[in-house]
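Chemist: Numbering (the working numbering), first residue to last: 716 to 826.
1. Classify residue 770: buried if its beta carbon has 16 or more other beta carbons within 10 angstroms, exposed otherwise.
2. Looking at residue 783 and residue 760, is the spacing between their C-beta atoms short of 9 Å?
3. Can you check whether the CB of residue 787 is closer than 9 Å to the CB of residue 738?
4. Determine the DSSP secondary structure at residue 771, reduced to helix, strand or coil.
5. Please classify residue 780 as buried or exposed, where buried requires at least 16 other C-beta atoms within 10 Å of its C-beta.
6. Assign residue 764 to one of two classes, buried (16 or more other C-beta atoms within 10 Å of its C-beta) or exposed (fewer than that).
7. Alpha carbon to alpha carbon, how far is residue 776 from residue 768? Give it in angstroms, no decimals.
8. Kindly indicate which three-state DSSP category residue 724 falls into: helix, strand or coil?
9. Pop quiz: residue 795 and residue 749 are said to be a contact at Cβ under 8 Å. What is the actual Cβ separation, rounded to whole angstroms?
Okay, structure coming up:
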């Protein structure tokens, strides 16, 4: 995967396994925490919509409330992606990034 190669570029061979493991662990934890946060946004918006319904909500009310909650999660996701893009723009060291797919072929053990 190109993103893994970029994330581990510039790492000494002796630390490549550690860097790859840290990258994969961070990716898994980020996905789990991100899903939990976005689900919380969606459920909160769904609950707010159901609170506006007088009496016992029908199945249609529940379905509509769920549909109303999804855009909140999508908006939250878009905001998180935008924040990550801004951080990447300012924190990424351009001189340390190796272009993937350009130049001469490199043996697998050298990457």
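Heads up, the beta-carbon is just placed ideally off N, CA and C, and yes, glycines get one too.
Modeler: Quick look at the numbers:
1. exposed
2. yes
3. no
4. coil
5. buried
6. buried
7. 8 Å
8. coil
9. 7 Å
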